Each structure stands twice: as structure tokens, then as C-alpha cells.
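Asks:
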Amino acid sequence: MNRLTDRVALITGGASGIGAATSKRLASEGAKVVIGDLNDVLAASVVDEITAAGGTATAVHLDVTDQASWTAAVEHIVGAQGGLDILVNNAGIGDTVSIEESTWEEYKKVTSVTQDSVYLGMKAAGEALKAGGHGSVINISSIFGITGGFGVSMGYAAAKGAVRTITKAVALGWAKQGVRVNSVHPGFIETPILGDTDRDALSTVTPMGRVGKPEEIAAAIAFLASDDASFVTGAELVVDGGYVAN
Ligand code: NAP
């Protein structure tokens with residue numbers, strides 16, 4: 007499939023996990039991929055992989071919590087690529103403790119990377135996305151942006167719920183401005199963010215009986231990025247092996 011030929015796509019957190027799989031998938035569909043991440047070494051290795059497979063990719067150093075970093079990254083991309091069509095707000099970090107064990111500092115760190123980044127990204131990229139006439143923003147939320155999960159991870163729950171609703175608010179604001187905005191809600195996906203969490207336990211609570219692969223999230227993101235989703239905005243696409251249906 008070549009649904010994204012010559013579309014310029016910025017993927018935050020594109021050096022690892024779901025972001026890396028998404029970078030590869032969008033490039034395989036013809037997009038000019040830009041990986042925005044803090045980890046320049048890992049980002050460069052994903053760029054090399056995409057290039058070796060015949061795709062087009064570059065990397066830009068981006069701290070998604072920093073407004074100046076966003077401004078510089080978007081300016082760089084528009085200057086180098088001539089525009090920006092797709093923004094995947096994917097970078098995020100988690101926490102695993104109860105509200106009693108949590109600290110205000112950790113809460114603010116998690117919401118800064120996982121929630122504030124999505125606001126900053128859409129704010130920085132908005133005009134460039136509108137200019138192309140077929141913009142698409144995909145904000146990565148979570149099943150824990152919809153449910154209470156395991157009763158822990160307060161910063162993560164707050165952030166992912168906010169990502170879900172800011173997606174709808176911006177989608178409505180931009181509905182007639184040529185930019186669609188949607189959220190994707192992964193279930194448990196095999197990436198470094200899971201740490202040493204017991205995979206058997208995660209599989210047991212997932213109706214399909216397994217954790218997902220990053221490529222399965224990337225496929226949903228590619229759909230929303232493409233013109234196949236031309237009438238889809240403000241939607242939440244759950245990709246979770248049935249978890250929230252339960
Ligand atoms: P991951 O492998 O840890 O990838 C996250 C990426 O974001 C890493 O490359 C990380 O870089 C980068 N990052 C962290 N802070 C950043 C910052 N300030 N600026 C720029 N980049 C930053 O985890 P993942 O599972 O692929 O997560 C991707 C998204 O999916 C996250 O939003 C996550 O919440 C969401 N999600 C994941 C799951 C799952 O089960 N895997 C489920 C639901 C939702 P460093 O490695 O250098 O920190």
C-alpha cells in the first residue's frame with residue numbers, strides 16, 4: 007500500500023516501541039518520516055533501518071515537554087521538507103504506584119511528558135498541518151484513558167484521559183480547517199514501557215489472551231493518517247484485544 011506517498015509525518019517518541027513501529031509502517035506506505043525523540047542514537051538506528059528498506063526518514067532532537075523544542079522542530083521540518091501533514095503524538099511515560107505512594111513531582115513529570123506534550127505538539131504544528139489541506143493528528147492515549155485500569159498510575163490515568171478529550175476538542179475546532187484529529191487507545195503492547203510487568207497476567211486480563219505487538223498499533227495509526235479515514239475525526243480507536251469491551 008502506498009497511501010501516504012510524499013506526506014510528511016512527525017512521530018514523537020519514534021525511536022522506540024510503538025513509535026518506531028509506526029515510523030517504519032508510515033515510511034513503508036510512502037511517507038517522509040521524521041522521528042522526534044530525546045534519544046538521538048536510537049532514533050538514528052531507526053532512520054537507518056527505514057533507509058535500508060528503501061524508505062525516507064530523518065530524525066530531529068525533540069523534547070516534547072519543551073515549547074521551544076517543539077517550535078524549533080516544526081520550523082526545521084517545514085524548512086527541510088516543505089510542510090507537515092501528519093503528527094503522531096506518541097511519546098509518553100508511565101507510573102505504577104497508588105495515589106498514596108505517589109509524589110506530586112512524579113505526577114507532574116508523567117503528565118508533562120504524556121499530556122502537556124500533546125497540547126504543545128498540536129499548538130506548534132497546527133498552522134503547518136492546516137496549510138497542507140489534508141492534515142492528520144493521531145494522539146496516542148491508552149485503554150487507561152478510558153478505564154480505571156488497576157487502580158494505580160494516577161499521573162498516567164489523568165494524562166491519558168486528558169489526551170482523549172483534548173483530541174475531541176481540537177478535532178471540533180479544526181473540523182472545517184483540513185485537519186482531522188483522532189486518538190488511538192492501545193491495550194497491553196510488547197514495548198519497553200511494560201518493564202518487568204508479568205506478561206502472563208496481562209494476557210489473562212485481555213480477552214484475546216495475549217499482549218499486542220507494536221505493529222498492530224502502527225497499522226491503526228497508518229489508517230487514521232491516510233485518506234482512507236477522510237471522514238474520521240474526533241474518534242477514539244481502541245486496539246486492545248477486547249480489554250475495554252469486557
Ligand atoms: P516506549 O518504547 O518507552 O517509547 C516511548 C518513547 O518516548 C521512547 O523513545 C522515549 O524515549 C520517548 N520519550 C520519553 N520522553 C520523551 C520526551 N520528553 N521527548 C521526546 N521523547 C520522549 O513506550 P511505548 O509503549 O512505545 O509507548 C508509546 C506510547 O504508547 C506512549 O504514549 C504510551 O503511553 C502509549 N501506550 C503504550 C502501551 C503499551 O502497553 N506499550 C499501552 C497504551 C498506551 P526514552 O526511551 O529516551 O525515554
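Read in our numbering, the sequence shown has 48 at position 42, and its numbers run on one by one without any break. Think of the CB as a built atom: it goes at the ideal place given N, C-alpha and C, for glycine as much as any other residue. What you are looking at is a predicted structure, and each value in this text was computed from that prediction instead of being measured.
For Pro220, does the three-state DSSP call read helix, strand or coil?
Replies: The answer is helix: DSSP assigns Pro220 an H, G or I state.
Asks: Taking the C-alpha atoms as reference points, what is the distance between His140 and Ile17?
Replies: So the alpha carbons of these two residues sit roughly 17 Å apart.
Asks: Please report the straight-line C-alpha distance between Ala231 and Gly36, rounded to a whole angstrom.
Replies: Those two C-alpha atoms are separated by around 12 Å.
Asks: Which runs of the beta strand (DSSP E) spanning at least 3 residues fall entirely within the stretch 194-246, listed in chain order?
Replies: If we require 3 residues or more, the beta strand (DSSP E) runs fully inside the stretch 194-246 come out as 242-245.
Asks: Got a sec, what are the start and stop residues for the beta strand (DSSP E) Asp43 sits in?
Replies: Asp43 -> beta strand (DSSP E) spans Lys38 to Asp43.
Asks: Cutting at 7 Å between CB atoms, please list the residues of its own chain near Ala241, excluding the five before and the five after it.
Replies: The answer, listed in chain order, is Asn188.
Asks: Which runs of the beta strand (DSSP E) spanning at least 3 residues fall entirely within the stretch 120-174, listed in chain order?
Replies: Fully enclosed beta strand (DSSP E) runs of 3 or longer: 141-146.
Asks: Hey, is the stretch 91-101 in contact with the stretch 122-138, meaning 3+ C-beta pairs nearer than 8 Å?
Replies: Cβ pair count under 8 Å is three or more, so yes.
Asks: Just checking my contact of Ile152 with Val190 at CB under 8 Å: how many whole Å lie between their CB atoms?
Replies: At roughly 12 Å, the Cβ-Cβ gap does not stay under 8 Å, so Ile152 and Val190 are not in contact.
Asks: Looking only at its chain, what residues have a beta carbon closer than 7 Å to the beta carbon of Ile105, apart from the 5 residues adjacent to it on each side?
Replies: Contacts found: Met160.
Asks: Using a Cβ-Cβ cutoff of less than 6 Å, which residues in the same chain neighbour Asn45 once the five nearest sequence positions on both sides are dropped?
Replies: Excluding sequence neighbours, Asn45 sits near Ala21.
Asks: Under a Cβ-count criterion, where at least 16 other Cβ atoms within 10 Å of its own Cβ denotes burial, should Phe194 be classed as buried or exposed?
Replies: Under this definition Phe194 is a buried residue.
Asks: Under the rule that 16 or more other beta-carbon atoms within 10 Å means buried, what is Val47, buried or exposed?
Replies: Val47 should be labelled exposed.
Asks: Tell me the start and end of each unbroken beta strand (DSSP E) in the stretch 42-86 that is at least 3 residues and wholly inside, in chain order.
Replies: Counting only runs of 3 or more, we get 62-67.
Asks: With Ala15 as the anchor, note down where its alpha helix (DSSP H) starts and where it stops.
Replies: Careful: Ala15 lies outside any alpha helix (DSSP H), inside the beta strand (DSSP E) at Val14 to Thr18.
Asks: Quick check: is any heavy atom of the ligand NAP less than 7 Å from the C-beta of Gly23?
Replies: Checking every heavy atom of the ligand NAP against the Cβ of Gly23, one is found closer than 7 Å.
Asks: Would you mind reading off the limits of the beta strand (DSSP E) that contains Arg186?
Replies: Here the beta strand (DSSP E) through Arg186 covers Val185 to Pro192.
Asks: If contacts are defined as beta-carbon pairs under 8 Å, then Ile199 and Gly100 qualify, I think. What distance do you get, rounded to the angstrom?
Replies: Contact holds; Cβ gap of about 6 Å.
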